[in-house]
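Residue numbers (numbering that gives the first Met the number 0), protein chains in the order written: chain A, 0 to 181; chain B, 0 to 181; chain C, 0 to 181; chain D, 0 to 181; chain E, 0 to 181; chain F, 0 to 181.
By construction, the Cβ of each residue, glycine as well, lies at the ideal position given by its N, Cα and C atoms.
The structure presented is a predicted model; accordingly, all values stated were derived computationally and were not measured.
Okay, structure first, notes after.
6 protein chains.
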Amino acid sequence: MALALPQAELSAENRAYFDKCLEKLGFVPNVLLSYAHDDAKLTAFGAFYNDLMLAPSGLSKLEREMIAVAVSSVNRCYYCLTAHGAAVRQLSGDAVLGELMVMNYRAAALSARHRAMLDFAVKLTETPHLIEEEDRAALRAAGFGERDIWDVSAVASFFNMSNRMASAVDMRPNAAYHGQVR
Amino acid sequence: MALALPQAELSAENRAYFDKCLEKLGFVPNVLLSYAHDDAKLTAFGAFYNDLMLAPSGLSKLEREMIAVAVSSVNRCYYCLTAHGAAVRQLSGDAVLGELMVMNYRAAALSARHRAMLDFAVKLTETPHLIEEEDRAALRAAGFGERDIWDVSAVASFFNMSNRMASAVDMRPNAAYHGQVR
Amino acid sequence: MALALPQAELSAENRAYFDKCLEKLGFVPNVLLSYAHDDAKLTAFGAFYNDLMLAPSGLSKLEREMIAVAVSSVNRCYYCLTAHGAAVRQLSGDAVLGELMVMNYRAAALSARHRAMLDFAVKLTETPHLIEEEDRAALRAAGFGERDIWDVSAVASFFNMSNRMASAVDMRPNAAYHGQVR
Amino acid sequence: MALALPQAELSAENRAYFDKCLEKLGFVPNVLLSYAHDDAKLTAFGAFYNDLMLAPSGLSKLEREMIAVAVSSVNRCYYCLTAHGAAVRQLSGDAVLGELMVMNYRAAALSARHRAMLDFAVKLTETPHLIEEEDRAALRAAGFGERDIWDVSAVASFFNMSNRMASAVDMRPNAAYHGQVR
Amino acid sequence: MALALPQAELSAENRAYFDKCLEKLGFVPNVLLSYAHDDAKLTAFGAFYNDLMLAPSGLSKLEREMIAVAVSSVNRCYYCLTAHGAAVRQLSGDAVLGELMVMNYRAAALSARHRAMLDFAVKLTETPHLIEEEDRAALRAAGFGERDIWDVSAVASFFNMSNRMASAVDMRPNAAYHGQVR
Amino acid sequence: MALALPQAELSAENRAYFDKCLEKLGFVPNVLLSYAHDDAKLTAFGAFYNDLMLAPSGLSKLEREMIAVAVSSVNRCYYCLTAHGAAVRQLSGDAVLGELMVMNYRAAALSARHRAMLDFAVKLTETPHLIEEEDRAALRAAGFGERDIWDVSAVASFFNMSNRMASAVDMRPNAAYHGQVR
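Laid out in structure tokens, this is it:
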């Protein structure tokens, strides 16, 4: 961490959250440790993130992680490419798919649904001012409903925030991610 | 709103939040209405946003709004430029400052502190992968502490999310913003 | 004005031009004052500008101002966005339309004619080397005649000059524009 | 010419202008013929152009032509690169200098004055919104006075108009330029 | 040459190669002299280059040179634009075609075959990560076979190497090229 | 392989080359198979490549592979990122270094020498027309000699060719690379 922010006293809920991470993952993701300088910010971030990535949605968890990595590839975010690249590998069981999302999603043999989803997410990342009704129409044509479009947009938008936060404070991914599901 | 998402049954807390908006602003900001298709998402967004923009910080509320507008100018987000441009005009009492943030912050006669703050925010927006230690050092040289750097980064990063969300679902600003503090 | 150029002795015609501005607008636009360091340059600029923006044309005065602002938005010209943004508001009586031209014309609910006109003007601004016959064909398909295409091109091209001149010498808009037709 | 605009009845002054071109150059430059669909526009353009490129200035005619070509190279304007590339070759008597302005002015062995002049002109062309006081200061440091800075800016700005006009209507250079001073 | 690399002892084959250049061209192209600091590198480069540009192919030598210049125009390589611009003029006997390849190939009146060929080459140069099956399909639709697609790609790719090598070490074209076939 | 080019009859030398690959690597790299449609092209490519990456040089083999991956990251070449990313991991024994070259070399903790080397290679990749004497001076200041500058340039330039060739014909990396040295 490039910023020298001492960890705050955490609430019982956030301590329990970290304990659960340790139990399930064997470590607390460094992004959470980076927010732990302020208990309220950690709480708000955790709630927002968990709703986004884990709540019921027309998008599978793998699809949300694919968006995360394709967006992070545009923004060249080392933290997110590492952590969410590992997530794509784990959820898909496909090591090559994870690499393709990191390197160039266009080179992957994607379903029409997944191609439309990632094309929208990447256009929204690169040129948000050019997104128009025809872009939403392309998602609908690929079978996405109105709420699904919200969710594609929300995940893509979130990682445009998270990529920048990670770069701004030089977050470093936990070492454990690198070797997972290779 | 380009997406046809029916409003959800809102929790008492979110109904109270909307009532408070009506009382203080005379309207509920459309960004909140757009999240109201899902009570949990509205809650998470509101909590995250309010901590970011209103919680105690080394950055004044005006400074946070200036970052919001300068970032939204890069991303050409009609919603955020309108709503947060109005906020800059209101908090500063300076109609021209609001316009300058929308049009080209480099044309404003800014203090060294504000120039450094906006240069960082805009570089983080345009080329997050190029942010390095020397960019943080420039903020420190302009008097920002470690926690302030977090806050500059967090506001700039957030609007990179919010700009994209607004473009993705075609959010439209409340009409009231346009005439405020001209 | 960032350049320290003393005003020249003006010809009777240019003095009358300034008097007419004072009478009609209440002020002499700063762009004219900036050219007033050289009477011949002021004369040439005024003649060129007035033919372009006021002479009979298949484009209405409002359409010419809409092009001016959309082009100035690409170039982020504080002077022209302010002065011609006010002109759009005045000629249309629509405060929001002026803001949309400044912020992102794609977010405006434009007629097919106006969308084609601004798409051409903005492409000509951003990537003039990519303009080809099919771009002119798109204007024709939207109902523009040959002379209209010349006029769209001439206005868009002119503001690519004027935006740069304003940035080069740091022209500042007259304060009166900001509050007009809000 | 891609636009089918019939030539207008020309004023005596413009007929004399064309005759003078024929006498001195052996041809009427196609840019003038393209404006000849409207006598008033031809008059305004000719007056503006001749003041810019021929009136007394701290910049030599060759320097003005060098700016014209370096700017036209950024915009890849076939008409202007051909016509003004020939002008650089003729005024300098240096065929290679003309080619360097067309291809990449940075590869030329330029004086500090000429390098500063072209760096300013090209930055003004590519990113006018980034021009600030330090850019003008660089010109001053290279020996340019206030009026010279105006003239560098005016020539660079003009060709940003003229390049776009030529691309917009597909102007074609007179064949005679190609073989001059090779 | 900006790099001070002394010429190596050349093999008999490379001495013969240089002699043949002198006999046929009147000079040894400076690109070959620049590789002559290392006999093995000169050999490898010469073999690779001669196979690419001279071996039997579905592309004519002129077509290969047109690709070379259009690619070099994107990369603004002074050496390659000069040397291969001359080659286009010589092989086509068309001085204007050479200039058009240097300045903006889109302004040339090209056959559908040549337009497709150069569009592919330039897209491959500017955004190689966006090349997909539909780009190859466009070449096939213009009559190119599988091996032809390889050859278009190979020539375009090679000049992306050669342009960079020339810029990296500041290669300067032989003066003789400038006046050829004007 | 997206192109359907049948493998040619190979020379004894190229058959031996493939046998050596099989013996040392367990497979023939797909890039070589893709050139095998033409024995002369395979020979020329192999000779050029092997001199570049394996011949004696002031740059270590690892340094040449680091350049290969950093350049391929700019161009988002799936083939080269996979194959040369594995090479960086193998030659360095550092799995994370390989990932950093793929994702964003600026996030790696590099020596001043390696940072200067990669900054030059990436600038040469992104904006070759902006490389000037001061860029070479930065390499010299980091301890690179004239021949070393040639070699940095040659490797960076080569992968600008190879990345494009791989994208143009849709080369796919051998599966074995993915799991190496994780």
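CB contact check: residue i to chain C, cutoff 7 Å
i	result
D/N173	no
B/A106	yes
B/L32	no
Closer than 7 Å to chain A by CB, residue i
i	result
B/L99	no
B/S72	no
F/H83	no
F/A94	yes
Below-7 Å beta-carbon distance, residue i vs any chain F residue
i	result
A/A120	no
B/H128	yes
D/N49	no
A/Y176	no
A/R146	no
Option in the options with minimal Cα separation from residue i
i	options	result
A/E64	A/R88, A/N13, A/A39 and A/K23	A/R88
E/G92	E/T124, E/A7, E/N103 and E/V180	E/V180
A/A165	A/L31, A/Y78 and A/P5	A/Y78
A/A67	A/A46, A/V95 and A/V101	A/V101
D/F157	D/D50, D/E22 and D/A137	D/D50
B/E98	B/H113, B/S72, B/R114 and B/M116	B/S72
A/L123	B/L4, B/V121, B/R163 and B/A35	B/R163
C/S161	C/H83, C/K60 and C/R14	C/H83
F/C76	A/A175, A/F26, A/L80 and A/A106	A/A106
D/A140	D/K19, D/A111, D/Y16 and D/G25	D/A111
F/L32	F/E125, F/E22, F/F47 and F/Y16	F/Y16
F/Y34	F/L21, F/A46 and F/S152	F/A46
E/A153	E/G178, E/A174 and E/M116	E/M116
C-alpha gap between residue i and residue j, whole angstroms
i	j	result
B/P235	B/F44	Residue 235 of chain B lies beyond the stretch modelled for chain B, which goes from 0 to 181, so this question has no answer here.
D/G142	D/K40	36 Å
B/M52	C/D134	45 Å
B/E145	D/L129	29 Å
B/P127	A/A167	7 Å
F/T42	A/A155	46 Å
A/L90	A/A1	31 Å
B/E131	F/A108	12 Å
F/L183	E/S10	In the structure as shown, chain F starts at 0 and stops at 181, and residue 183 of chain F therefore has no counterpart that could be examined.
A/A7	A/A54	28 Å
D/L138	A/I148	51 Å
F/H113	F/E62	8 Å
F/H36	E/N13	28 Å
E/C20	F/K19	37 Å
A/S56	B/A3	16 Å
D/G178	E/G178	9 Å
D/A94	D/K60	16 Å
E/F26	F/Y48	28 Å
A/L96	A/L24	22 Å
Min CB distance residue i to chain D below 7 Å
i	result
C/A3	yes
E/M102	yes
E/Y16	no
C/L53	no
Integer-rounded CB distance, given that residue j should sit under 8 Å from residue i
i	j	result
A/M170	A/V70	Going by Cβ atoms, the distance from A/M170 to A/V70 rounds to 16 Å, so no, they are not a contact pair.
E/N74	E/N159	7 Å
D/P5	D/T81	That pair is no contact at about 25 Å.
B/L58	B/D118	Contact doesn't hold; Cβ gap of about 15 Å is too wide.
E/A120	E/Y176	About 21 Å; that fails the 8 Å criterion.
Within-7 Å CB hit, residue i to chain E
i	result
D/R75	yes
D/R181	yes
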